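Numbering (my numbering), first residue to last: 57 to 603. Note that the Cβ used here is the ideal one computed from N, Cα and C, for glycine as well. Everything numeric in this text was worked out from a predicted model, so none of it was measured. Single-structure report; data block below.
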Amino acid sequence: MMNNSIFYLVAFVVVFLISLVVGILIGYAIRKNSWEQKAENAKQSADSLLAKAKAEVEVAKAEAAAKRQEAEAAMRDAETEKKAKILEAQEEIRDYRQKVEDELNGRRDEIARKENRLQQKEDTLDHRSGVLDEKENQLTQRKNQIKKQEEKTAQLQSEAEDLVKQQNEKLLEVSNLDEDEAKKIVLAQVSDHLVKEKAEMIRNMQEDVTAKADRFAHQVIVDAIQSSAADTVAETTVSVVDLPNDEMKGRIIGREGRNIRSFEAMTGVDLIIDDTPKTVTLSGFDSIRREVAKRALQKLIKDGRIHPARIEEMVDKARKEVNDDIYEAGESALMELGIHRMHPELVKVLGRLKYRTSYGQNVLAHSIEVGKLAGTMAAELGLDEKLAVRAGLLHDIGKAIDHDIEGSHVEIGVELTRKYHEPELVVNAIAAHHGDVPKLSFIAELVVAADTISSARPGARSESLENYIRRLTELEDIANSYDGVKQAYAIQAGREVRVMVEPAKISDDEITVLAHEIRDRVEKELDYPGNIKITVIREKRAVAVAK
């Protein structure tokens, strides 16, 4: 039993060992096949890589050959271009050399011509020097002759004075007149003669000046007037606001009148509510305040809520709007006239002129018109057009705040423009445009002329009947104050004065002198727009009755 167990054990071990050896051999064979397969695959990969490398080497060789050929071609092209550049440079050198030689030859010829001209000039100067010497000798001789003639003339004058003295003495003896009476007679004759000569000189000067200046001046003024167009406005101190219905009047007045009192206190304008249907009137001399009040009232009517707090709010809004409009008006004026730089505060003051009138004429429109006229005339005369436009625009700048500051608008304008560093010629034009100070430039004269044209044109300004009658009366009184004037009439709205003289007291020559004397007095004593024509008429009639 034990032997069988050992036998089985030994058999099991032998079988196990045999199985182990067989398994090892089988595993070795399998691995060997795997290794051989991998080796074959590696060999194939190596062959493929080698073939690929050989192909790339061949491509690289081909590319290198192509590049070498390109390099050789480039070298050949460079060599060809080099030769061409050298040939071109040689050609340019030859051309430049030829040009320099031509220029040198031309300069040599020019120098030769100049030498010839200089030689000719020297010959001419020598000839002229001889001629001048000859003329100098002739002048010396002439001078000596004139000196002799002057000595002879002086001698003759002395003899003539002696003869005149002797003649006067004989005349005194013959006429039985003393020396004073004779002097009076002579002076009267001389005075009549001088009046005649003075009148003749005035007429000649007038004709000469008129012939030279009138046509040009008229042309300049006509061109300036034609280049501008201005509206005619009527001066007013009231503004009218329309209402949607008459019930709104009661709401504007408010309980016990508190709304209307608040409105008038905040705006400084009188609010007039009468029986006129659907209308209220704002009255005040300050046009800016009146405009603020008008806009505020229109806003209140549109809103419908009217009470003191709302009135204050709307008045503040309206005042801001008007201030913005004022600045915009100033900028628009500068833009219209082509003025590019001006101090902002001065622009604001200029814009206030939009709400200022003078004799019914809007001052801002008048200032713009004066600027255009002055600039046009300055351009015609060859003066500084921009400076003339600037002076014309600012000449009445003081009127914008003359209600708030003491002094005339001229003084205020001068102070404002100096404060904001305007050119001195502009300041002088403002100061002199009413003749308060002397004019330092011709631009100041142009501003005066443009101001007169703008204010004196028909329809530009309104004038009260009282001032109109007073001016006509003063014109007639000045003319009637002269001895020999029979009657004087102011006609054509004071633009002309007709003076009738007595022919027995004033001669034809004296009426010319009288016309100028009246003109001088009118210019000195009266203040008037435009021009006044003085016409003196002398009529003499001779009547004979045949029987």
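Can you name the start and end residues of the beta strand (DSSP E) that residue i belongs to?
i: ASP326; result: 326–328
i: ALA544; result: 541–547
i: LYS580; result: Careful: LYS580 lies outside any beta strand (DSSP E), inside the alpha helix (DSSP H) at 564–581.
i: THR337; result: 335–339
i: VAL483; result: Taken as a continuous stretch (DSSP letters only), VAL483 belongs to no beta strand (DSSP E), being part of the alpha helix (DSSP H) at 480–488.
i: ARG594; result: 589–594
Would you tell me roughly how many angstroms separate the C-alpha atoms of residue i and residue j, rounded to the nearest one?
i: GLU566; j: GLY469; result: 45 angstroms
i: LYS355; j: ALA349; result: 10 angstroms
i: ILE461; j: ALA365; result: 31 angstroms
i: GLY550; j: TYR584; result: 9 angstroms
i: LEU160; j: GLU144; result: 24 angstroms
i: ARG346; j: GLY491; result: 33 angstroms
i: VAL445; j: LYS580; result: 29 angstroms
i: GLU467; j: THR473; result: 10 angstroms
i: LEU450; j: GLU530; result: 32 angstroms
i: VAL504; j: SER511; result: 11 angstroms
i: PHE72; j: ALA111; result: 58 angstroms
i: VAL426; j: GLY448; result: 5 angstroms
i: GLU96; j: VAL70; result: 39 angstroms
i: VAL569; j: ALA421; result: 41 angstroms
i: ASP564; j: TYR538; result: 16 angstroms
i: LEU353; j: GLY310; result: 14 angstroms
i: LYS19; j: GLU192; result: Residue 19 falls outside the range modelled here, since the chain spans only 57 to 603, and no answer is possible.
i: ILE202; j: LYS208; result: 10 angstroms
i: GLU166; j: GLU157; result: 14 angstroms
i: VAL78; j: GLN93; result: 23 angstroms
i: LYS155; j: ALA127; result: 41 angstroms
i: VAL493; j: LEU195; result: 53 angstroms
i: LYS141; j: LYS123; result: 26 angstroms
i: SER318; j: VAL419; result: 31 angstroms
i: TYR383; j: ASN301; result: 35 angstroms
Please classify residue i: is it buried, with 16 or more other beta-carbons within 10 angstroms of its beta-carbon, or exposed?
i: ARG163; result: exposed
i: LEU174; result: exposed
i: MET391; result: exposed
i: HIS396; result: exposed
i: ALA121; result: exposed
i: VAL325; result: buried
i: LEU656; result: The chain is shown only over 57 to 603; residue 656 falls outside these bounds and no answer can be derived.
i: ALA285; result: Low confidence applies to ALA285: its pLDDT is 49, below 50, so where it sits in the model is not reliable, and the reading given next is rough at best. Counting Cβ neighbours within 10 Å, ALA285 comes out exposed, since fewer than 16 surround it.
i: SER104; result: exposed
i: GLY360; result: exposed
i: SER343; result: buried
i: GLU291; result: Here GLU291 scores only 42 on pLDDT, less than 50, and its place in the model should not be relied on; the value that follows carries that caveat. Per the 10 Å Cβ criterion, exposed.
i: ASN315; result: buried
i: LEU135; result: It should be pointed out that residue 135 corresponds to Glu in this sequence rather than to Leu. The residue is exposed, with fewer than 16 neighbouring Cβ atoms inside 10 Å.
i: MET370; result: buried
i: THR323; result: buried
i: LYS108; result: exposed
i: SER605; result: For residue 605 there is no data in the structure shown, the boundaries of the chain being 57 and 603.
i: ASP452; result: buried
i: GLU303; result: exposed
i: ALA598; result: exposed
i: ILE367; result: buried
i: ARG527; result: buried
i: LEU338; result: buried
Report the CB separation of residue i from residue j in whole angstroms; it is logged as a contact under 8 angstroms.
i: ARG412; j: LYS442; result: Contact flag wrong, Cβ pair sits at about 25 angstroms.
i: GLU552; j: GLY540; result: Actually they do not touch by this definition, with Cβ atoms about 20 angstroms apart.
i: ILE308; j: ILE329; result: 7 angstroms
i: ILE525; j: VAL555; result: Not a contact, Cβ separation roughly 19 angstroms.
i: ASP298; j: LYS334; result: 6 angstroms
i: VAL405; j: ILE457; result: 6 angstroms
i: ALA385; j: ILE424; result: In fact, because the Cβ distance is near 10 angstroms, the residues do not count as touching under 8 angstroms.
i: VAL336; j: LYS305; result: 7 angstroms
i: ALA506; j: LEU429; result: 4 angstroms
i: VAL578; j: ILE534; result: 6 angstroms
If I follow the unbroken alpha helix (DSSP H) through residue i, where does it start and stop?
i: ILE344; result: 343–359
i: ILE308; result: 303–309
i: VAL378; result: 364–393
i: GLU552; result: That residue, GLU552, is in no alpha helix (DSSP H); its beta strand (DSSP E) goes 552–557.
i: GLU320; result: 314–323
i: ILE461; result: Premise fails: ILE461 is in no alpha helix (DSSP H) and is neither H nor E.
i: MET398; result: Element bounds for MET398: n/a, residue is neither H nor E.
i: LYS428; result: 419–437
Quick one: does residue i have its CB under 8 angstroms from some CB of chain D?
i: ARG366; result: Protein chains in the displayed structure number just one, and chain D is not present.
I'd like to confirm something about residue i: is its beta-carbon nearer than 7 angstroms to some heavy atom of the ligand MG, or not?
i: MET370; result: By its list of ligands, the structure shown contains no ligand whatsoever, and the ligand MG lies outside what it can speak to.
Task: Cβ pair count under 8 angstroms reaching 3, the stretch 574–591 against the stretch 543–554 - done: yes
TODO: Taking 8 angstroms as the threshold, find out whether the stretch 499–506 comes into contact with the stretch 470–486 through three or more Cβ pairs.
DONE: yes
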